[in-house]
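Right, one structure below, let's go through it.
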Amino acid sequence: NIEHNLDNSNFTFIEGDIRDIQTCTHAVKGCDYVSHQAALGSVPRSIKDPITTNAVNIDGFLNIITAAKDSKVKRFVYASSSSVYGDSPKLPKVEDEIGTPLSPYAVTKYVNELYAGVFAKTYKMQCIGLRYFNVFGKRQDPNGAYAAVIPKWVKQLINHERPVINGDGSYSRDFTYIDNVLQANEKALFTSDEQIKKGLEEYYQNVVSQLENKNDKLKSETLENHTPIDPFNHSTIPPFNHSISEEFFFSEVFNIAYGANTTLLQLFNALTDSLAKHEPLISDIEPIFGPFRIGDIPHSQANIVKAREIIDYTPLYDANNGFKIAGEWYFKSITKK
Numbered sequence: 048n049i050e051h052n053l054d055n056s057n058f059t060f061i062e063g064d065i066r067d068i069q070t071c072t073h074a075v076k077g078c079d080y081v082s083h084q085a086a087l088g089s090v091p092r093s094i095k096d097p098i099t100t101n102a103v104n105i106d107g108f109l110n111i112i113t114a115a116k117d118s119k120v121k122r123f124v125y126a127s128s129s130s131v132y133g134d135s136p137k138l139p140k141v142e143d144e145i146g147t148p149l150s151p152y153a154v155t156k157y158v159n160e161l162y163a164g165v166f167a168k169t170y171k172m173q174c175i176g177l178r179y180f181n182v183f184g185k186r187q188d189p190n191g192a193y194a195a196v197i198p199k200w201v202k203q204l205i206n207h208e209r210p211v212i213n214g215d216g217s218y219s220r221d222f223t224y225i226d227n228v229l230q231a232n233e234k235a236l237f238t239s240d241e242q243i244k245k246g247l248e249e250y251y252q253n254v255v256s257q258l259e260n261k262n263d264k265l266k267s268e269t270l271e272n273h274t275p276i277d278p279f280n281h282s283t284i285p286p287f288n289h290s291i292s293e294e295f296f297f298s299e300v301f302n303i304a305y306g307a308n309t310t311l312l313q314l315f316n317a318l319t320d321s322l323a324k325h326e327p328l329i330s331d332i333e334p335i336f337g338p339f340r341i342g343d344i345p346h347s348q349a350n351i352v353k354a355r356e357i358i359d360y361t362p363l364y365d366a367n368n369g370f371k372i373a374g375e376w377y378f379k380s381i382t383k384k
């Protein structure tokens, strides 16, 4: 998926492994900004091989953020994941409310966020984590045991094979087209300090206001019920403290998605409809319903208000538009081979 860039004079390819600190140091040398996207993806792969997942996603992350710190980059942006929300049932997902991770992969991404927070505070860095929600698009590999669901299903449908839906098809995801993710990375990297300062102040002032209103409501309900308030119990009103110093450093995470969910059955129907325009027989293919997959959450949908207000993230492609674009690309790419 990078071959088309090899002849670009602005592109330099370094073959290496983020588990090697020298490679990371070489890669970021002289850079003003770092966008760290390298990882071992896939929840099932992390369950099968947690040791390698940990080594790449945590040790590798520590190497690259250390190299960025030593090179004094202006801003460090990295890929996190919606998997950090774990077993939290709340929809849509809000950055400050996460649950217990359900897979080794989710743990590694949460540890990345923790490390970014520590590095920001300790070494005065600017760190932004982007919690991706089910990214898909052109050039995504449809092959292999851990291929993402959309390219995998598209290839199977083109080959007139029946895709397997894990569960009854009711599980849903906030499928995010790759161009939205590219926009998010660009804005995370290059949004000015002044705009981020202003956005953070306004966003968190609003958060505090909402918490105060919630607290007032809780006090009112407590008095009506004649139940004394425990001053040491903050389980319903999480404490909050966010300050912006003269030396501007921070660690923030943003949901990167479209902000709408699609069930797996809806996804299957959208893909078959898109591909059937090129090959009508695809419309006759029915899915196979298999067992639910270990480590999967039932539903996922992002609240993208924070990203919109602070870095002006404005996704332009909804899932259906993305399905059509990606499906057409895959059909042309696979059938010409």
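Residue numbers (our numbering): 48 to 384. Note that CB positions come from ideal geometry on N, CA and C, so glycine has one too. This structure is a prediction, so every number in the text was calculated from the model and none was measured.
Task: Rounded straight-line distance, which links the Cα of S298 to that of Y125 - done: Here the alpha carbon of Y125 sits roughly 11 Å from the alpha carbon of S298.
Task: Span separating the alpha-carbon of I98 from that of T361 - done: Distance between the alpha carbons of I98 and T361: 37 Å.
- [ ] Within the same chain, show all residues whose beta-carbon is closer than 6 Å to that of I111, passing over the 5 residues directly before and after it, in chain order.
- [x] Spatial neighbours of I111 in its own chain (CB-CB distance under 6 Å, excluding positions within 5 residues in sequence) are listed in chain order as I65, C71 and H83.
- [ ] Can you have a look at W295 and say buried or exposed, based on whether 16 or more other CB atoms are within 10 angstroms of its CB?
- [x] Here residue 295 turns out to be Phe, not Trp, going by the sequence shown. Exposed: under 16 other Cβ atoms inside 10 Å.
Task: Nearest-angstrom Cβ-Cβ length linking D79 and K234, presumed shorter than 8 Å - done: Contact doesn't hold; Cβ gap of about 16 Å is too wide.
TODO: Just mark F339 as buried or exposed, buried being the case when its beta carbon has 16 or more other beta carbons within 10 Å.
DONE: Counting Cβ neighbours within 10 Å, F339 comes out exposed, since fewer than 16 surround it.
Open item on the list: What does the alpha-carbon distance come out to for the pair N368 and E259?
Closed with: Cα-Cα distance, rounded: 40 Å.
TODO: Counting only runs of 3+ residues fully inside the segment 207-272, write out the beta strand (DSSP E) ranges in chain order.
DONE: For the segment 207-272, whole beta strand (DSSP E) runs of length 3 or above, ordered along the chain, are 211-213.
Task: Per-residue burial, V228 [other beta carbons within 10 Å of its own, 16 or more giving buried] - done: It counts as buried.
TODO: Could you tell me the distance, in whole angstroms, from the CA atom of S129 to the CA atom of P210?
DONE: One C-alpha to the other measures close to 24 Å.
Task: Endpoints, alpha helix (DSSP H) assigned at Q203 - done: Here the alpha helix (DSSP H) through Q203 covers V196 to I205.
Task: Check whether Y170 and K116 have beta carbons under 8 Å apart - done: In this structure, K116 lies closer than 8 Å to Y170 by Cβ.
Open item on the list: Let me confirm a value: V196 is counted as buried when at least 16 other C-beta atoms fall within 10 Å, else exposed. Which label applies?
Closed with: Residue environment for V196: buried (at least 16 other C-beta atoms within 10 angstroms of its C-beta).
TODO: Could you tell me whether the segment 305-312 touches the segment 211-221, using the rule of 3 or more Cβ pairs below 8 Å?
DONE: Flag = yes, the segment 305-312 and the segment 211-221 touch.
Task: Cut-off 8 Å between Cβ atoms - residues of its own chain near L109, not counting five sequence neighbours on either side - done: Here the set comprises Y162.
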